[in-house]
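Trainee: Starting off with a structure, shown below.
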Amino acid sequence: MGNVLTKRAMIVDGMKDQADTSAVDARRLMRAERTAILATHGLPPKLSDGHGGDADDWPYASLVEVACDHEGRPILLLSELAVHTSNISRDPRVSLLFDGTRDSISPLTQARLTVSGTASKTDDPGHRSRFLARHPEATEYAGFSDFSFWHVAPLGAHAIAGFGRIRSISASEFLVDPALAAQFSGISDGIASHMNEDHSDAIDLMVSHLLGLGGTGWQISCCDPDGMDLHLEGQMARLAFDAPVFDADTARAILVEMTQRARSAR
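Counting with the numbering used here, you get residues 1363 to 1628 for the letters of the sequence shown.
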């Protein structure tokens, strides 16, 4: 999608500044990334020659585009022709590395997150809409017969916020409560459409002064309990909420406060 811009520095700093990495900050880092490294079990056919029966036990890593549902579970769109899809069909255990280090000249001091879980195919229209809202270019091939959506049910996550700042996080800590996620799901489209139609100036203000990105006419692609994905002419950005949001009143209050903070930063 042209030049992709994702603002992750505030999230990374939030993880670094805490003695113990927060599950919420880890989830925010995951939501900020549009791609991840997918680890599966199994070598490509030509590489597996000569390895006999143990070829399926070898690790294999690949780059994938990713989105998340409102609970924070990853969603993937995979080709049936890809090695990783063949691997998952045989062994659904996967790990996804979300890399928050790419803006740093010292990446090992920055935040990254590995989410491990089980992948399965999904026909849920909500998963499809979440993924395509974040990756609109995928609409061109999402309907092809050899592409399928997959959903990862996390076992847990392993967060590293820099040297010595390491924490393993259980799924119950990491994921948004299903009832709260469902509650937010009912208002998420309304938040996006209301802001896009009635407060486009506030969106530009927040993008400019809270994220440091230029341009006018930014629109919210989709939102979740932790923040908003935004787009402008091929550019993508992520703006995290100050705190998790689960209802309309809290969303309104947080967006008003963020807009006021952006105005004061001018």
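Ideal Cβ placement from N, Cα and C applies to all residues, glycine included.
Measure the C-alpha to C-alpha separation of Thr1480 and Ala1627 and round it to an integer number of angstroms.
Mentor: 44 Å
Trainee: Could you compute how far the alpha carbon of Gly1548 sits from the alpha carbon of Ala1417?
Mentor: 45 Å
Trainee: Have a look at Ile1553 and Trp1420 and give me their C-alpha separation to the nearest angstrom.
Mentor: 45 Å
Trainee: If you count every other CB in all the chains shown that lies within 10 Å of the CB of Glu1559, and 16 or more means buried, which is it?
Mentor: exposed
Trainee: Please list, in chain order, all residues of the same chain as Gly1376 whose beta carbon is under 6 Å from its beta carbon, the five residues on each side excluded.
Mentor: A caution first: Gly1376 carries a pLDDT of 43, below 50, which makes its placement in the model too unreliable to give a value.
Trainee: Can you tell me the Cβ-Cβ gap for Met1392 and Val1477, rounded? I've got them flagged as a contact below 8 Å.
Mentor: 7 Å
Trainee: Taking just the CA atoms, how far does Leu1443 sit from Ile1450?
Mentor: 12 Å
Trainee: Assuming Glu1502 is part of the beta strand (DSSP E), what are its boundary residues?
Mentor: Counting along the chain, Glu1502 falls outside any beta strand (DSSP E), and DSSP gives it neither H nor E.
Trainee: For Leu1617, I'd like the list of residues in its chain whose CB is within less than 6 Å of its CB, leaving aside the five on either flank, ordered along the chain.
Mentor: none
Trainee: For Ser1626, does the three-state DSSP call read helix, strand or coil?
Mentor: Residue state for Ser1626 is assigned as helix, using DSSP reduced to three classes.
Trainee: Under a three-way DSSP split, which group does Gln1472 fall into?
Mentor: coil
Trainee: Measuring alpha carbon to alpha carbon, tell me which residue in Glu1427, Ser1441 and Thr1447 is nearest Gly1404.
Mentor: The shortest Cα separation from Gly1404 among Glu1427, Ser1441 and Thr1447 belongs to Thr1447.
Trainee: What residues in its chain sit with their C-beta under 7 Å from that of Met1590, if we drop five residues either side in the sequence?
Mentor: Ile1582 and Leu1601
Trainee: To the nearest angstrom, how far is the alpha carbon of Ile1437 from that of Thr1471?
Mentor: 28 Å
Trainee: Please list, in chain order, all residues of the same chain as Phe1525 whose beta carbon is under 8 Å from its beta carbon, the five residues on each side excluded.
Mentor: Leu1470 and Thr1471
Trainee: Around the Cβ of Glu1433, are there at least 16 other Cβ atoms within 10 angstroms (buried) or fewer (exposed)?
Mentor: buried
Trainee: Helix, strand or coil, according to DSSP, for Ser1482 in the structure here?
Mentor: strand
Trainee: Where does Arg1396 fall in DSSP's three states?
Mentor: Coil.
Trainee: Does the CB of Gln1597 have a neighbour CB from chain D at under 8 Å?
Mentor: The chain labelled as chain D is not found in the depicted structure, where only one protein chain is given.
Trainee: May I ask you to report which of helix, strand or coil DSSP gives Leu1459?
Mentor: strand
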